């Protein structure tokens, strides 16, 4: 079977009466989004054997696969999950795959640290975008197809995605991988899902803003999540804001719609509420769910165990895309 990493969360959070014992290991292919190592470690404990692949429509499906090495079986489970979270090496039908500096077209060092853009070439790569010469010209250079994914190459030749180029957070001149921050958040025992986007910052330009869903209506506070990140990340990568959500906005295939989260993060900028209050919970409604706003299940203030000092409703919309955000603030 195959699925996006978000399906793993559904399986892990299943109620007791929904669970079945897996007696024989189930092979499962995952892709569509970088799976956090902590999530892979948890799902394999249920009896699933995960194969991680990376691809895109323009490459006619899978382009990279995290080919498992037998010697890795001797490593601790945490290290195995970290290795499996990498996107891997090119498949046989692909002529070549690399990570290059988009400015110089030089391959990045195989140090697992220097970031560049993942590029592909071969007969399985598309010829171009239909009736869109501008987009086609932008996607190809010197015979290479530029994926738009930022990654690194490890000493063993395995590639690892660090972010989508448009999702990289630039804070005070430092490039921050939202994927790395999300991986740290997933290590917290109460975090079910996490997504990190750029939030405008008056001093640093941008700063990380984390959106999380919690296990069993956890009463974990924002300060605890931030402290957890401080123990697992360099100081400049620690989120300046953590917002709790009932559910992250996703596509029909389970991919988190970060452009919608970025729109929410912008509402935190220069907000006087954030000076004295922390957002305990954010409930997101997509445009499709809006309909008549009077019929939306807006929660009562007494629905939370915490004290609710105010309830604010915000709406934004552009180009047919929009959403309603309900912020329950606790001072």
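In UniProt numbering, the protein residues as written are 1 to 331.
For glycine and all other residues, C-beta sits at the position ideal for the given N, C-alpha and C.
All figures in this text were calculated on a predicted structure; none of them were measured in a lab.
List the residues that DSSP assigns as beta-bridge partners of residue i.
| i | result |
| --- | --- |
| residue 176 | 169 |
| residue 32 | Residue 32 is not bridged to any residue. |
| residue 64 | 54 and 90 |
| residue 188 | Its beta-bridge partners do not exist; DSSP assigns none. |
| residue 208 | 198 |
| residue 97 | 120 |
State the DSSP-derived secondary structure class of residue i, mapped to helix, strand or coil.
| i | result |
| --- | --- |
| residue 44 | helix |
| residue 237 | helix |
| residue 2 | strand |
| residue 147 | strand |
| residue 82 | helix |
| residue 228 | helix |
| residue 8 | helix |
| residue 120 | strand |
| residue 213 | strand |
| residue 244 | strand |
| residue 103 | coil |
| residue 161 | strand |
| residue 27 | strand |
| residue 256 | strand |
| residue 193 | strand |
| residue 15 | coil |
| residue 152 | strand |
| residue 74 | helix |
| residue 141 | strand |
Please return the same chain residues whose Cβ sits closer than 6 Å to the Cβ of residue i, not counting the five positions on each side in sequence.
| i | result |
| --- | --- |
| residue 12 | 42 |
| residue 60 | 124 |
| residue 52 | 30, 66 and 84 |
| residue 177 | 162 and 163 |
| residue 293 | Residue placement at residue 293 is flagged as unreliable, the pLDDT there being 41, under the threshold of 50; the coordinate-derived value follows with that caveat. Within the same chain, residue 293 has no close Cβ partners at all. |
| residue 62 | 53, 55 and 91 |
Using a 10 Å radius around the Cβ and a threshold of 16 neighbouring Cβ atoms, would you call residue i buried or exposed?
| i | result |
| --- | --- |
| residue 93 | exposed |
| residue 1 | exposed |
| residue 144 | buried |
| residue 147 | buried |
| residue 252 | exposed |
| residue 241 | buried |
| residue 23 | exposed |
| residue 133 | exposed |
| residue 203 | exposed |
| residue 8 | buried |
| residue 104 | exposed |
| residue 231 | exposed |
| residue 259 | exposed |
| residue 87 | buried |
| residue 247 | exposed |
| residue 225 | buried |
| residue 76 | exposed |
| residue 98 | buried |
Kindly list the residues whose CB is nearer than 8 Å to the CB of residue i, restricted to its own chain and excluding five residues on each side of it in sequence; keep chain order.
| i | result |
| --- | --- |
| residue 19 | none |
| residue 33 | 4, 5, 6, 254, 255 and 256 |
| residue 96 | 90, 120, 121 and 122 |
Kindly list the residues whose CB is nearer than 7 Å to the CB of residue i, restricted to its own chain and excluding five residues on each side of it in sequence; keep chain order.
| i | result |
| --- | --- |
| residue 169 | 176, 178, 198, 206 and 208 |
| residue 114 | 108 and 152 |
| residue 50 | 28, 30, 40, 43, 44 and 84 |
| residue 101 | 108 and 116 |
| residue 142 | 105 |
| residue 182 | 36, 194, 195 and 196 |
| residue 17 | none |
Mind the definition here: the stretch 208–220 touches the stretch 184–197 only if three or more C-beta pairs lie below 8 Å; say whether that holds.
Enough Cβ pairs lie closer than 8 Å, so yes.
Counting pairs of Cβ atoms below 8 Å between the stretch 105–117 and the stretch 150–162, do you hit three or more?
Short answer: they touch.
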